[in-house]
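Q: Numbering (the working numbering), first residue to last: 128 to 424.
For every residue, glycine included, the Cβ atom is placed at its ideal position computed from N, Cα and C.
Every value quoted in this text rests on a predicted model; they were computed, and no experiment measured them.
Sharing a structure below in structure tokens format, with a few things to ask.
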């Protein structure tokens with residue numbers, strides 16, 4: 128006979144597993160720490176197995192607890208999503224998304240119409256920031272899009288959104304009045320526009336694809352990808368464009384790839400769901416939709 132456990136025990140377990148803290152789980156669920164401890168103890172008793180490894184000042188998941196939480200989290204997310212779809216709340220839900228201005232304007236905003244048509248009861252508030260958030264700080268938004276280094280190890284609430292392709296592009300006006308650019312080394316003689324805060328900049332690109340070439344011409348550094356795109360479109364120089372953020376500019380010819388062949392750097396962008404979001408079901412719907420859009424779906 129299959130074991131049956133109470134739903135409130137599973138929610139207590141899920142909260143404690145996400146926070147690795149009974150006190151934080153109690154705060155999230157508006158219960159006492161003793162109530163959380165009791166519910167988890169009863170769940171472990173019903174399952175006949177310890178779900179947590181309890182130390183003096185630390186809490187960790189056991190091997191079985193980790194495997195069980197992956198399933199419990201999926202089931203609860205599905206339950207919350209279906210409940211919201213079949214029994215929608217009277218009030219509208221507002222999901223906040225934290226990202227850079229370039230991601231907001233070049234990738235997210237142009238796609239929101241499709242999401243609103245599918246989910247008319249969910250409003251979206253976009254919070255832009257100039258620099259990417261410190262990964263050690265808990266984001267206050269329901270969803271956060273951020274760029275991370277190649278050795279980044281995302282947590283269970285984080286998914287890869289897309290892997291940006293970074294390569295030289297320029298406006299037709301600049302390319303028409305410039306001498307032909309003969310391969311990567313020819314880039315160093317062009318007017319180059321860099322973007323503040325990006326590790327994958329012109330210096331890194333030239334070291335990768337044109338090692339040993341003469342030092343580049345003076346590089347202008349602008350505060351944000353949007354400003355750099357506008358400058359390139361005006362014909363002021365070349366930028367390292369980032370797909371998919373420049374897809375619309377490539378499609379209508381405002382920006383043009385400078386070189387033939389694959390001369391691209393890459394950078395990973397992640398989407399993180401705030402585990403403490405009070406709008407978790409609505410945020411999960413938006414996250415799933417964004418992940419599909421990031422894969423071209």
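(1) Since residue 390 and residue 295 are thought to touch, with beta carbons under 8 Å apart, how far apart are those beta carbons, to the nearest angstrom?
(2) Who are residue 384's beta bridge partners in DSSP?
(3) What number of angstroms, rounded off, separates the C-alpha of residue 358 from the C-alpha of residue 159?
(4) Residue 333 and residue 315 look like a contact to me (Cβ under 8 Å); what is the Cβ gap, rounded to whole Å?
(5) Taking the alpha-carbon positions, what's the residue 170 to residue 213 distance?
(6) Indicate whether residue 351 and residue 319 have their beta-carbon atoms separated by less than 8 Å.
(7) Taking its Cβ as the centre, do 16 or more other Cβ atoms sit within 10 Å of residue 199, making it buried, or is it exposed?
(8) Since residue 253 contacts residue 413 with CB under 8 Å, what's their CB separation in whole angstroms?
(9) In whole angstroms, give me the CA-to-CA distance for residue 336 and residue 376.
(10) In the region 137–223, which residue ranges form an unbroken alpha helix (DSSP H) of at least 4 residues, counting only runs that do not cross its ends?
(11) Our contact map puts residue 279 next to residue 395 with C-beta atoms below 8 Å; I'd like the distance itself, whole angstroms only.
(12) By a C-beta neighbour count over all protein chains shown, 10 Å radius and 16 as the cutoff for buried, is residue 192 buried or exposed?
(13) Using 8 Å as the Cβ pair cut-off and three pairs as the minimum, do the region 168–183 and the region 376–386 touch?
(14) If you draw a straight line from the alpha carbon of residue 210 to that of residue 274, how long is it in whole angstroms?
(15) Rank 208, 187, 134 and 154 by C-alpha distance to the C-alpha of residue 409 and give the top, closest one.
(16) Beta-carbon within less than 6 Å of residue 137's beta-carbon, same chain only, minus the 5 sequence neighbours each way: which residues are those?
(17) What number of angstroms, rounded off, separates the C-alpha of residue 84 from the C-alpha of residue 196?
(18) Taking only the alpha-carbon atoms, compute the straight-line gap between residue 149 and residue 163 and give it to the nearest angstrom.
A: On the basis of the data shown:
(1) So it is a contact: roughly 7 Å between Cβ atoms.
(2) According to DSSP, which records beta bridges pairwise, residue 384 is partnered with 296.
(3) So the two alpha carbons sit approximately 57 Å from each other.
(4) With a beta-carbon spacing of about 6 Å, residue 333 and residue 315 fall inside the 8 Å limit used to define contacts.
(5) Taking the straight line joining both Cα atoms gives about 29 Å.
(6) Between residue 351 and residue 319, the CB-CB gap reaches or exceeds 8 Å.
(7) Looking at its Cβ environment, which holds 16 or more other Cβ atoms inside 10 Å, residue 199 is buried.
(8) Actually they are not in contact, since the Cβ atoms of residue 253 and residue 413 sit about 11 Å apart, beyond 8 Å.
(9) Each residue's Cα considered, the two are about 24 Å apart.
(10) If only complete runs of 4 or more residues are kept, the region 137–223 shows the alpha helix (DSSP H) at 149–156, 160–174 and 190–213, in order along the chain.
(11) Indeed, because the Cβ distance is near 7 Å, the residues count as touching under 8 Å.
(12) Here residue 192 is buried. Its C-beta has 16 or more other C-beta atoms within 10 Å.
(13) Because the criterion of three Cβ pairs below 8 Å is not met, the region 168–183 and the region 376–386 do not touch.
(14) When rounded, the distance between both Cα atoms is 33 Å.
(15) Cα-wise, what sits closest to residue 409 is 208.
(16) Hits under 6 Å: 199.
(17) Because the chain in this structure spans residues 128 to 424, residue 84 falls outside the shown range and cannot be described.
(18) CA-CA distance, residue 149 to residue 163, rounds to 6 Å.
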